[in-house]
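FYI, in mature numbering (1 follows the signal peptide of the UniProt record, and there is no 0) the residues of the sequence shown are -28 to -1, 1 to 403.
Cβ atoms here follow ideal geometry from the backbone N, Cα and C, with glycine treated the same way.
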Amino acid sequence: MATRGRVLAGAAGTAVLAVGLASGSPGAATDRGYPGHGDQRVRNVILMVGDGLSIAARDATRLATVGQDGQLAMDSLRYAGWTYTDSADPEDAVTDSAAAATAFATGVRTYNGAVSVDLDGNPVTTLLERAKALRKATGLVTTSQVTDATPAAFGAHVPNRSDQSEIARQYVEESRPDVILGGGEDWWYPVGDEGVFAPVPDDDPAEISKSTIGNLVERAQDTGYTYVSSAEELTATDADRILGLFANEEMFQQRPEGQGDVYEPLVPLVDMTAKALDVLSRDRHGFFLVVEEEAIDEFAHQNNAERTIQAGQSLDETVALAQEFAAHHRGTLVLVVGDHETGGLQIENVDADDESGDPENPSADVTQSLEDGPFAIAGSDLEFTVDWTTGSHTGAATPLTAEGPGAERLARAQHATDAHDVVADLLRRRW
């Protein structure tokens, strides 16, 4: 089966992909001295991914945060479009996160579960690797495991996304991002070595050390990384190459409401991103940074609207940070995308007669949960509920907003591979 999209040669420049600036606010693209449409040069790229982020999830976050007349940072970016999320899987019509991230990272559609390899299992060059070849600094920041599908697609190549220890090895020995921050310590330490975060198998049987290729934290340190595992250590270090792992697995507990669901990352996404920007911006060639909020997807899988909205708010706070950075650093492209939609989230009126699922046993099947809410619409007396159609991914297109040099080229309907091609082309133009 032929894949759609291609990999373009990288080039100097910075592109930032993130949710962004308020319309007419100080530092908006027209006020920043960005090159005009005919001079699309990029120095820094900040690509911000809301895993599972649909237009409805963005809107639910907007209503709960700033109300009907307000605007999220991610929605205030100057240019808007959307991306089709279809993978090239021979059996499934709907993508998973690995194939979706691979499309953005490489410009190639592939099978579900593949991490930056094509349909035949051959490695395909990523945007991060192209930026590295241009001597740019690079970084991966996520609230998931740092070796999970989305960050992995930019810094590794494996036929199966579950091979997370091999992904970690490739980070420290091959692609070598300058900053790696997130969760997933268990994939870096071998069985029997608890690492910093003690296993909690009573809460989650999967939370035990399980590296299949030795102690990868030590290997990282041997190759020049400074390892940190707390907010205090992250703040204190002035290293140029940092590995920070702040949880056994994800940096939250993804469960249905009231069943142990927690969204309290040891280091908030906005703080990890601030550190990454501080470190990467030291490089005179610019940088390429991927920032992911994973909890939107994970809580949508659980049909947990409250936590999904909370994670969306975390992403938006981080987008505001990125746009503030862009306002003071000429040549920064900021772009915010969703890799796919999760849960089939729908925003509805409060209506006691319009409930879905089994009210006698609402936890029997998460894909048939009751409506969530009601949630207050900020600044009004109105409320809304959230209804779900599934506990899985859907094939819906996802929103994209962007600002910075060349961002107008993304204001259209496009495949994720097309968004890759635009960024690759912008990077290729010398700053």
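Distance, residue j Cα to residue i Cα
i	j	result
I180	R302	44 Å
A208	R50	36 Å
P149	V262	10 Å
A391	V38	29 Å
R401	E270	37 Å
Y161	T195	16 Å
L293	L372	18 Å
D58	E313	11 Å
A272	L399	34 Å
L287	M46	9 Å
L188	Q231	33 Å
A121	A70	5 Å
P123	T115	10 Å
M20	P377	16 Å
A211	I349	43 Å
D397	T74	17 Å
CB contact flag (residue i, residue j, <8 Å)
i	j	result
G310	G53	no
Q142	W159	no
S253	F259	yes
Q282	Y235	yes
T389	G79	yes
F218	G167	no
L99	V395	yes
F297	N220	no
R280	A36	What sits at residue 280 in the sequence shown is Thr, not Arg. Not in contact: T280 and A36 (Cβ atoms no closer than 8 Å).
E190	E229	no
N16	T304	yes
Q117	E222	yes
V242	E289	yes
Chain-order list of residues whose beta-carbon lies under 6 Å from that of residue i (same chain, five-residue window excluded)
i	result
L215	I152, A192, Y197, Y199
R384	G53
A374	L49, Y51, L307, L382
Beta-carbon contacts of residue i that lie in its chain and below 8 Å, excluding the five residues immediately before and after
i	result
D64	N84
N132	G85, A86, V87
Y56	A369, A385, Q386, H387, A388
E145	R191, T195
G111	P149, D150, V151, I152, L153, A248, V251, L252, F259, F260, L261, V262
Spatially closest choice to residue i from the options, by CA coordinates
i	options	result
V14	R384, A379, H392	A379
A60	L49, A72, R107	A72
E265	V113, T357, Q43, K108	V113
K104	L188, T207, R256	R256
I319	I27, M20, L19	I27
D325	E343, T314, L317	E343
D165	G154, Q295, G186	G186
F268	D31, V17, V394	Reading the sequence as shown, one finds Ile at residue 268 and not Phe. Residue D31 is the option with its Cα nearest to I268.
G127	S134, S116, A140, Q117	A140
F347	E296, N276, F76, T119	N276
G351	A29, G42, V17, G24	G42
G316	G367, A203, V163, E204	G367
V96	K108, R107, S147, M20	S147
S364	N94, L44, G24	G24
S134	T184, P62, R107	T184
H300	L249, Q285, G284, D323	L249
Per DSSP, the bridge partner or partners of residue i
i	result
V66	DSSP, once it has assigned bridges, lists no residue as partnering V66.
A385	W54
A348	E355
F259	A109
I18	L261
A365	A quick correction: the sequence has His, not Ala, at residue 365. T314.
S202	Answer is none; S202 lacks a bridge partner.
A374	Y51, L307
L215	I152, Y199
Q231	DSSP lists no partner for Q231.
I183	Just to set this straight, residue 183 is Ser in the shown sequence, not Ile. Its beta-bridge partners are P162.
Q117	G155
P95	V89
E380	Paired residue(s): none; E380 is not in a bridge.
E320	T357
Neighbourhood of residue i by C-beta, 7 Å cutoff - its chain only, sequence neighbours within 5 removed
i	result
L206	V200, G216, V239, K247
K182	D158, W159, V163
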